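Input: a single structure, listed below in structure tokens.
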Amino acid sequence: MSISKVYRSVANAEQAEQSTPLLPAREIPGSYGIPFISPIKDRLDYFYFKGQDEFFRSKIKLYSSTVFRTNMPPGPFMARDPRVIAVLDAKSFPILFDTSKVEKKNVFTGTYMPTTRLTGGYRVCSYLDPSEPTHTKVKQFLFNLLASRKDVFLPAFHTTYAATLFSSLESQIASNGHADFNSLNNEISFDFLGEAYFGARPSKVGSSGLPTKAAIWLVLQLAPIAGNVLTKYLPWFLEDLLLHTFALPSIIAKPGYRKIYDYFKSAGAPALDMAEKLGLSREEACHNLLFATCFNTYGGLRVLFPGLVKRLAQAEGDLHARLAAEVREAVAQLGENGRLTLAALEKMELTNSVVYEVLRIDPPVQFQYAHAKKDFVLESHDAAFQVHKGEMLFGYQPFATRDPRIFGATAEKFVPDRFVGSEGAKLLKYVWWSNGPETESPTVNDKQCAGKNFVILVARLFIAELFLSYDSFTVDVSQSLIGSQITFTSLTKARA
Ligand code: HEM
């Protein structure tokens, strides 16, 4: 390791301010090993022999560095080039947001890209770099759609999501002693999105079965980076062969995709009118609308809501009672007829802190990728590394947002009050679930999540509706393909 001090030219004043006094220059440690063999070994370590956290942890230890070279799954034969530079601390990770230094073209799912046959032949927004003109048009279209529907979100969440979910949970618990939250959430959240975005619940307009069709379509895109999905039924090496070696045939999803597309074409007609005004073809806009709803939003909510329930259920102390008191007091002061309003939600400091803390500790999308647009120097807390144009950067977000040098001794712990008050607010710039700091808003010039505000809103609504109706609850938690599997075992109704 070179320990010579280097002079680093800094591009702007902000970066200069953040730079610690000259860090030692260091070669990026790690190697990609023997082509073909080592990427497969890394893949097997990652999925089966070590597991993802230990895979990264062991390399951090081996190289004494949070920045190192490694291969990332899926590797052969699915990905042309599995080589990445991993950035696993809160200092180096934000390089992935800096569109002046990195390009994010075709990297949404990482080192491989699913066939565009799954998206009507189009590269949809998530795969476009902000430098591509279509990116601006599609992202603006989504901003406009969300803005045009904003007044509908609260009532739609209450009626279509919360009321339906709670009555189903209660009746399942009454008859079976338990209720499968994930299956209910998967069905009901899809209907809620139809109501929220288009005013047309799929189950009410003759388009039932869409959540399952969307799930199959999602699996085809995510299988290459999912592990231990089939190992209950198959030996690991067969799963590896089936999921990680060759792409599953897109034809499997085709009939279902057509049905989902038809729903969007008809229910989303007014939205598609808006897209045409921005210069998009109706067809390209419709495939994008489908992707933003079924992959970005629906895929996200399938992970986020079970994650929220898990953390609420496992929290120590009297968190349920504190949340119930806060939510009910805010509604009494600022609600309308006992119902939630935006003003009431804003007042719920603890509720809002819990949402940020869940998104910090369990970011629903764990991986971010980008290619270096030019040569630059990348800094971790401890060293400065030379990155070359064309190299691929990869961030494993749970490590970056649990960095003890930012979040202290409790970085690995769920702390519900972490973001309460002015001191708590200072930490929000280190919450990155949306592919950008929580203190910033997405624009057409960056790759931050277009639905950032919507996500924060529905997560707040989820907690607030839950504690308006119930004093407490208990659940069993296990691991699912993506995120947590939740079984409700009891719900204690709110005392009058
Ligand atoms: C829990 C829900 C959600 C999560 C966890 C989530 C997370 C993310 C993340 C991490 C990215 C960046 C991916 C990358 O480029 O590396 C992203 C991008 C994106 N998200 Fe979300 N998202 C959610 C909901 C939504 C919603 C409600 C929309 C609605 C429009 C949306 C639309 C998008 C779009 C269009 C992009 C690409 C942005 C661009 O290309 O500039 N997402 N999201």
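Going by the numbering used here, the first residue of the sequence shown is number 195, and it counts up by one from there.
Backbone N, C-alpha and C fix where the C-beta goes; we use that ideal spot for every residue, glycine too.
Being a predicted model, the structure only gives us computed values, none of them experimental.
Original post:
When the distance is taken between beta carbons, is Arg-522 closer than 8 Å to Leu-662?
Top reply: Their beta carbons are under 8 Å apart, which means Leu-662 touches Arg-522 by this criterion.
**OP:** Taking all protein chains shown into account, decide if Glu-211 is buried (16 or more other Cβ within 10 angstroms of its Cβ) or exposed.
**Re:** With a pLDDT of only 41 at Glu-211, under the threshold of 50, the placement of this residue in the model should not be trusted, and no figure is reported.
Original post:
Per DSSP, which one or two residues make a beta bridge with Lys-583?
Top reply: In the DSSP output, where bridge partners are listed per residue, Lys-583 has none listed.
**OP:** Consider the C-beta atom of Lys-607 and the heavy atoms of the ligand HEM; say whether any pair is separated by less than 7 Å.
**Re:** Proximity of the beta carbon of Lys-607 to the ligand HEM is not indicated: no heavy atom of the ligand is located closer than 7 Å.
Original post:
Would Pro-349 be called buried (16 or more neighbouring beta carbons within 10 Å of its own) or exposed?
Top reply: Exposed.
**OP:** With Gln-334 as the anchor, note down where its alpha helix (DSSP H) starts and where it stops.
**Re:** Start and end: 327 to 342.
**OP:** Report back the beta-carbon spacing between Thr-155 and Tyr-316 to the nearest angstrom; my notes put them in contact at under 8 Å.
**Re:** The question about residue 155 has no answer, for the chain in this structure spans 195 to 690.
Original post:
Hey, would you say the C-beta of Thr-491 is under 7 Å away from at least one heavy atom of the ligand HEM?
Top reply: For Thr-491, the distance from the CB to the nearest heavy atom of the ligand HEM is below 7 Å.
Original post:
Is Pro-396 helix, strand or coil when you go by DSSP?
Top reply: For Pro-396, the three-state secondary structure derived from DSSP is helix.
**OP:** With a threshold of 7 Å, establish whether the CB of Lys-641 neighbours any heavy atom of the ligand HEM.
**Re:** Yes - the ligand HEM has a heavy atom lying nearer than 7 Å to the Cβ of Lys-641.
Original post:
Shortest alpha-carbon distance to His-565 belongs to which of His-582, Ala-537, Arg-612 and Leu-363?
Top reply: For His-565, the nearest C-alpha among the options comes from His-582.
**OP:** Consult DSSP for Asn-422 and reduce its assignment to one of helix, strand or coil.
**Re:** Residue state, collapsed to three classes: coil.
**OP:** Classify Lys-299 as helix, strand or coil using the three-state DSSP reduction.
**Re:** Of the three classes helix, strand and coil, the one that applies to Lys-299 here is coil, per DSSP.
Subject >> Cβ-based burial, Val-399 [other Cβ within 10 Å; buried from 16] >> reply: Burial state of Val-399 is exposed, judged by a 10 Å Cβ sphere holding fewer than 16 other Cβ atoms.
**OP:** Could you give the DSSP three-state label for Leu-572: helix, strand or coil?
**Re:** In the structure shown, Leu-572 sits in a strand (DSSP, three-state: E or B).
Original post:
Beta carbon of Val-521: closer than 7 Å to some heavy atom of the ligand SAH?
Top reply: With respect to the ligand SAH, the structure offers nothing, as its ligand set consists of the ligand HEM.
**OP:** Evaluate the contact criterion for the region 253 to 262 versus the region 574 to 589: three or more CB pairs, one atom per stretch, below 8 Å.
**Re:** Remark: three or more beta-carbon pairs, one from each stretch, lie closer than 8 Å, so the region 253 to 262 and the region 574 to 589 are flagged as touching.
Original post:
If you draw a straight line from the alpha carbon of Gln-334 to that of Tyr-427, how long is it in whole angstroms?
Top reply: Each residue's Cα considered, the two are about 45 Å apart.
Original post:
By how many angstroms is the C-alpha of Glu-364 removed from the C-alpha of Asn-370?
Top reply: Taking the straight line from one Cα to the other gives about 10 Å.
Original post:
Between Phe-375 and Ala-408, what straight-line distance do the alpha-carbon atoms span, to the nearest angstrom?
Top reply: Each residue's alpha carbon lies about 18 Å from the other.
**OP:** Taking Arg-237 as the reference, give the member of Phe-271, Pro-223, Leu-216 and Arg-220 with the closest Cα.
**Re:** Arg-237 has its Cα closest to that of Phe-271, out of Phe-271, Pro-223, Leu-216 and Arg-220.
**OP:** Would you be able to state if there are at least three C-beta pairs under 8 Å between the region 548 to 558 and the region 647 to 660?
**Re:** Taking one beta carbon from each stretch, the region 647 to 660 and the region 548 to 558 have 3 or more pairs nearer than 8 Å; the two touch.
Original post:
Straight-line CA distance for Lys-199 to Lys-568?
Top reply: Because Lys-199 sits at a pLDDT of 35, beneath the cut-off of 50, its placement in the model cannot be relied upon, and the point is left open.
**OP:** Kindly examine the ligand HEM and report whether one of its heavy atoms sits closer than 7 Å to the Cβ of Leu-416.
**Re:** Not one heavy atom of the ligand HEM is found less than 7 Å from the C-beta of Leu-416.
**OP:** Use the C-beta contact count for Ser-383: other C-beta atoms within 10 angstroms, 16 or more gives buried, fewer gives exposed.
**Re:** Under this definition Ser-383 is a buried residue.
Original post:
Less than 8 Å separating the beta-carbons of Asn-379 and Arg-496?
Top reply: Yes, the Cβ-Cβ distance between Asn-379 and Arg-496 is below 8 Å.
Original post:
If we ignore side chains and look at the alpha-carbon of each, how far apart do Thr-491 and Thr-633 end up?
Top reply: In a straight line, the C-alpha of Thr-491 is about 21 Å away from that of Thr-633.
Subject >> Short Cβ contact (8 Å threshold) for Phe-386 with Thr-354 >> reply: Yes, Cβ-Cβ distance for Phe-386 and Thr-354 is below 8 Å.
**OP:** Compare the Cα-Cα distances from Thr-545 to each of Tyr-321, Leu-651 and Val-669 and report the closest residue.
**Re:** Per the C-alpha coordinates, the member of Tyr-321, Leu-651 and Val-669 positioned closest to Thr-545 is Leu-651.
**OP:** Determine, using beta carbons only, whether Ala-479 and Ala-469 come nearer to each other than 8 Å.
**Re:** Contact: yes.
**OP:** Return yes when the Cβ of Leu-436 is within less than 8 Å of the Cβ of Leu-424, no when it is not.
**Re:** Against a cut-off of 8 Å, the Cβ pair of Leu-436 and Leu-424 comes out as a contact.
Original post:
Among Val-281, Gly-494 and Phe-608, which has the Cα closest to the Cα of Ser-628?
Top reply: The residue among Val-281, Gly-494 and Phe-608 with its C-alpha nearest the C-alpha of Ser-628 is Gly-494.
**OP:** Note down the Cα distance separating Pro-598 from Leu-621, rounded to an integer number of angstroms.
**Re:** Going from the Cα of Pro-598 to the Cα of Leu-621 covers about 12 Å.
**OP:** From the DSSP output, in three-state form, read off Tyr-664 for me.
**Re:** DSSP places Tyr-664 in strand when its eight states are reduced to three.
Subject >> Same chain, Cβ closer than 6 Å to Gly-589, neighbours up to 5 away in sequence not counted >> reply: Cβ neighbours of Gly-589 beyond the five flanking positions: Val-281, Phe-287, Leu-290 and Gln-562.
Original post:
Where does Tyr-590 sit, in a helix, a strand or coil, going by DSSP?
Top reply: In the structure shown, Tyr-590 sits in a strand (DSSP, three-state: E or B).
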